[in-house]
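See below for the structure under consideration.
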Amino acid sequence: MNILYAFAEIRTPFLDKLVQIVTRLGEEVLIIGFFVLIYWCINKRLAYVIGFGYFISGLTIQTLKITFRIDRPWILDPAFKPVESAVPAATGYSFPSGHTNCATAFYGGMGLGSKKTAAKLLWFIPPIAVGFSRMYLGVHTPLDVGVSFLLTLVIIILSNWFFERLEGKRCFNLAVMLIVLALSAATLVCSFIVYSKGIIEIKYVTDCCKAAGAAIGFGIGFYVERTRINFDTRCDKAWKQLVKFVIGLAGALALQEGLKPIIGTSAVAGAVRYALVMLWIFLLYPLIIKRFFQSKETKEADIQSV
10 MNILYAFAEI RTPFLDKLVQ IVTRLGEEVL IIGFFVLIYW CINKRLAYVI
60 GFGYFISGLT IQTLKITFRI DRPWILDPAF KPVESAVPAA TGYSFPSGHT
110 NCATAFYGGM GLGSKKTAAK LLWFIPPIAV GFSRMYLGVH TPLDVGVSFL
160 LTLVIIILSN WFFERLEGKR CFNLAVMLIV LALSAATLVC SFIVYSKGII
210 EIKYVTDCCK AAGAAIGFGI GFYVERTRIN FDTRCDKAWK QLVKFVIGLA
260 GALALQEGLK PIIGTSAVAG AVRYALVMLW IFLLYPLIIK RFFQSKETKE
310 ADIQSV
């Protein structure tokens with residue numbers, strides 16, 4: 010807590026606002042926006058490698074949260090005061106840090122996918138900045154941030170190794186899907202067992218269900234797209250890339266928010282909603298891309314390969 014108190018002493022209204030902008034780099038909506046831009050428009054394979062590490066690390070973090078059940082800093086030390094405006098977004102248990110996990114998985118994944126050393130290093134600035142922002146705001150301890158960063162780093166390195174060494178092997182696509190589905194099932198089972206024993210509240214189960222649902226959508230979408238769809242990110246017109254991105258992102262956000270009043274906000278509904286959003290991103294929208302946005306050259310190449 011000494012480090013958090015040290016950060017609290019240098020707080021100013023200007024720094025509070027600036028740091029909250031930095032911390033948004035680790036938020037789900039922004040990262041998904043960046044992610045789909047890469048997946049639909051730039052480099053599909055890179056997006057898959059990042060996604061594999063992102064969802065596996067996310068499931069791991071959620072499972073650790075309900076396993077250790079460490080409270081937020083202001084609960085551990087009632088005398089400590091976080092930045093009030095940061096508290097509403099600081100839901101769930103404190104350890105490990107979810108924001109740090111998301112930032113490290115995505116930006117770190119971009120770094121590992123870069124060829125130049127300078128680019129690799131630059132991509133690791135955002136997750137480090139997000140980690141410090143969480144401590145400055147008083148919503149995470151150094152332990153929360155440090156463990157999340159290091160654990161996620163190990164997972165994304167292993168994910169990159171997995172793709173580099175085994176991609177192209179027989180049953181690779183199936184293996185990726187089964188790994189993700191198995192880990193999703195493990196997270197779900199763990200959360201419901203702990204909940205059934207009265208150890209955690211349903212809101213923590215909901216967080217696990219969302220993570221598992223999203224991962225399931227990714228796993229199924231990955232397998233079907235790679236084995237049946239195989240869309241190409243290229244378009245024959247630059248403006249089509251922008252239109253493609255805007256329509257796809259609008260569809261994902263519409264599902265994310267529009268399904269709430271229809272199917273509710275229960276734990277199971279959360280899993281279904283997140284799964285459907287990811288199926289849109291990885292499976293349904295790629296079908297639309299292949300039909301309406303893919304360049305003529307790549308369409309003709311697909312036809313000739315059949």
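Every number in the working numbering is 9 more than the matching position in the sequence shown, counting from 1.
Virtual Cβ for every residue (Gly too), placed ideally from N, Cα, C.
Using CA coordinates, which residue listed in the options is at the minimum distance from residue i?
| i | options | result |
| --- | --- | --- |
| Ser200 | Trp248, Leu68, Ala99 | Leu68 |
| Val291 | Ser66, Gly226, Ala114, Ile272 | Before going further, note that residue 291 is Phe rather than Val in the sequence given. When only C-alpha atoms are compared, the closest one is Gly226. |
| Glu18 | Phe254, Gln265, Gly147, Leu293 | Gly147 |
| Leu13 | Pro82, Phe43, Gly117 | Pro82 |
| Ile65 | Ile209, Ala195, Ala280 | Ala195 |
| Thr274 | Ile165, His149, Lys212 | Lys212 |
| Ile133 | Leu152, Thr161, Arg243, Gly207 | Per the sequence presented here, residue 133 reads as Phe, with Ile not at that position. For the residues Leu152, Thr161, Arg243, Gly207, the minimum Cα distance to Phe133 belongs to Thr161. |
| Cys244 | Gln303, Ala191, Val189 | Gln303 |
| Ile298 | Leu34, Lys124, Gly260 | Gly260 |
| Phe172 | Gly60, Trp248, Gly35 | Gly60 |
| Arg179 | Ile51, Thr236, Lys269 | Thr236 |
| Lys74 | Val214, Val189, Gly257 | Val214 |
| Tyr63 | Ile51, Leu296, Cys218, Val189 | Val189 |
| Tyr204 | Ala276, Met119, Ala280 | Ala276 |
| Leu167 | Gly117, Ile209, Leu152 | Gly117 |
| Arg54 | Ser123, Ile70, Thr100, Ile202 | Ser123 |
| Arg300 | Ile271, Lys253, Lys269, Leu258 | Lys253 |
| Ile165 | Val45, Leu187, Val58, Ile238 | Val58 |
Which two residues bound the contiguous alpha helix (DSSP H) that contains residue i?
| i | result |
| --- | --- |
| Gly60 | 53-77 |
| Pro97 | Here Pro97 belongs to no alpha helix (DSSP H), and DSSP marks it neither H nor E. |
| Pro82 | 82-85 |
| Leu16 | Contrary to the premise, residue 16 reads as Phe rather than Leu in this sequence. Here the alpha helix (DSSP H) through Phe16 covers 11-18. |
| Thr21 | Premise fails: Thr21 is in no alpha helix (DSSP H) and is neither H nor E. |
| Ile47 | From DSSP, Ile47 is part of no alpha helix (DSSP H); its letter is neither H nor E. |
Hey, is residue i's beta-carbon within less than 8 Å of any beta-carbon in chain E?
| i | result |
| --- | --- |
| Leu27 | In summary, chain E is missing from the structure at hand, where a single protein chain is found. |
Is the region 222-233 touching the region 287-295, taking contact as three or more C-beta pairs under 8 Å? yes
On the three-pair Cβ rule with 8 Å, is the region 115-128 touching the region 86-101? no
Extract the residue ranges of the beta strand (DSSP E) inside the region 188-231, only unbroken runs of 3 or more that lie entirely within it. none
Would you call the region 97-106 in contact with the region 68-79, where contact means no fewer than 3 C-beta pairs closer than 8 Å? yes
For the region 97-171, which segments carrying the alpha helix (DSSP H) assignment without a break, of at least 4 residues, lie completely within its bounds, in sequence order? 107-122, 126-132, 134-145
Decide if the region 109-126 is in contact with the region 39-47; the criterion is three or more beta carbon pairs, one per stretch, under 8 Å apart. yes
I'd like to know if the region 226-241 and the region 175-185 are in contact, where contact means that at least 3 CB-CB pairs between them fall below 8 Å. yes
Just to confirm the assignment: which complete alpha helix (DSSP H) runs, minimum length 4, are found wholly within the region 220-298? 247-267, 269-272, 276-288, 294-297
Counting Cβ pairs closer than 8 Å, one from the region 91-100 and one from the region 20-30, do we hit at least three? yes
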